[in-house]
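Structure first, then comments.
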Amino acid sequence: MARKSINKLIEEKNILEEKRKKLLEKIKAAKKYEGEKIAIIILVK
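With full-length UniProt numbering as the guide, the letters of the sequence shown map in order to residues 1 to 45.
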């Protein structure tokens, strides 16, 4: 019983880490996109 719950916790932790990684990638992509958008606006002016 105890072993099962430990495995379940480890599994949930791994899932959360994956979600966190994906979120960080999205944030990085959004920041990169914002940076490019700003660069384009500066070039256009």
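Even glycine gets a Cβ: it sits at the ideal position worked out from N, Cα and C. Remember, predicted model here, so these are calculated numbers, not experimental data.
Practice item. Output the distance between the C-alpha atoms of A29 and A39, rounded to the nearest integer angstrom. Key: Within the sequence shown, residue 29 is the residue found at index 29, counting from 1. Within the sequence shown, residue 39 is the residue found at index 39, counting from 1. It is roughly 15 Å from the alpha-carbon of A29 to the alpha-carbon of A39.
Check your understanding: Considering only residues of the same chain and omitting the five flanking positions on each side of E18, which have a CB-CB separation below 8 Å?
Key -> Locating residue 18 in the sequence shown gives position 18, where the first residue counts as 1. In its own chain, leaving out the 5 sequence neighbours on each side, no residue places its CB closer than 8 Å to the CB of E18.
Point to revise | Under the three-state DSSP convention, the category K4 falls into | key: The residue labelled residue 4 in the question sits at position 4 within the sequence shown. DSSP places K4 in helix when its eight states are reduced to three.
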